[in-house]
Amino acid sequence: MKWPSSLPSAAAEAVLLTEEALDASRAAAFVEDAEHGAVVVFEGRVRGTEKGAPIAAIFYDAYRGMAEKELLAVVREADEKWRARAAVHHRLGRVAVNEASLVVAVGAGHRAEAFEACRWIVDAVKSRAPLWKISFEALP
Amino acid sequence: MGRREMALAPTEPVRLSDLLSGTPELSPLLRHRGAYKVAVNHSFVETDTEVHHGDEVAFLPPFSGG
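The listed protein sequences derive, respectively, from chains A and B. Residue 141, in our numbering, is where the first sequence stops; the numbers in between run on with no holes. Residue 90, in our numbering, is where the second sequence stops; the numbers in between run on with no holes.
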């Protein structure tokens with residue numbers, strides 16, 4: 002399956018913004034390498050409450066071209082800092098409770114770099130990428 | 025400002041602050057300068073940069089992805 006992207010095709014799997022359900026195994030496959038003794042996969046999922054009130058879903062929006070560019074920069078910086086290969090996949094549109102809105106997979110030589118890089122990437126995604134929760138859908 | 029995008033056609037390079045003050049739909053942004061980041065052609069800009077015909081300028085509210 003192909004997703005539309007403004008990035009070169011070689012980078013398309015490192016960074017993915019999609020309206021379709023995320024597949025953590027797909028992100029993990031991107032970082033597979035015989036030199037990687039550690040692979041960390043993080044899934045950020047939609048909680049069933051927001052500010053104390055029950056919700057059914059969150060809607061995500063992106064300033065798409067810039068978000069892809071910024072996420073690719075994050076992936077490249079992680080490679081420079083930890084020699085870690087990373088994939089960052091973010092869901093857009095309606096994401097139901099329990100579904101993943103973010104998947105970050107990191108492969109590195111050892112677990113310390115993999116954990117550290119993964120945490121850093123998740124923080125960077127939240128602070129640097131023009132992505133927004135645009136609304137919450139209340140339970141009926 | 026409640027809209028997703030708009031097209032402007034400055035005839036010559038213009039400072040961002042002058043573009044905002046000269047465009048009624050955008051001028052309220054001048055009063056809320058700390059509430060958003062600015063990007064030109066998908067790159068963050070920190071200062072009152074000059075923009076040119078054809079540039080894509082974005083005013084980005086606080087991010088909440090993840």
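No residue lacks a Cβ here, since even glycine has one placed at the ideal position from N, Cα and C.
Taking a Cβ-Cβ cut-off of 9 Å, the neighbours of A:Leu132 in chain B comprise Phe87, Ser88, Gly89, Gly90, given in sequence order. Of B:Tyr60, B:Ser41, B:Leu84, the smallest CA-CA separation from B:Ser51 is found for B:Ser41.
For B:Leu84, the residues of chain A that pass the 7 Å Cβ criterion are Tyr64, Pro131, in the order they occur in the chain.
Taking 8 Å as the cut-off, the beta carbon of A:Val105 is found closer than this to the beta carbon of A:Ile122.
For the pair A:Gly45 and B:Gly78, the CB atoms are not nearer than the 8 Å cut-off. With respect to chain A, the C-beta atom of B:Ala31 has no partner C-beta closer than 8 Å. Within the model, the alpha-carbon separation for A:Glu21 versus A:Ala85 is close to 26 Å. A residue is called buried when at least 16 other Cβ atoms come within 10 angstroms of its Cβ; A:Lys70 meets this threshold and is buried. By the CB criterion at 8 Å, A:Lys134 and A:Tyr64 fall outside the cutoff. By the 16-neighbour rule on beta-carbons within 10 angstroms, A:Met67 is buried. At least 8 Å separates the beta-carbon of A:Asp24 from that of A:Gly108. A:Tyr61 has A:Gly94, A:Lys134 as its beta-bridge partners, per DSSP.
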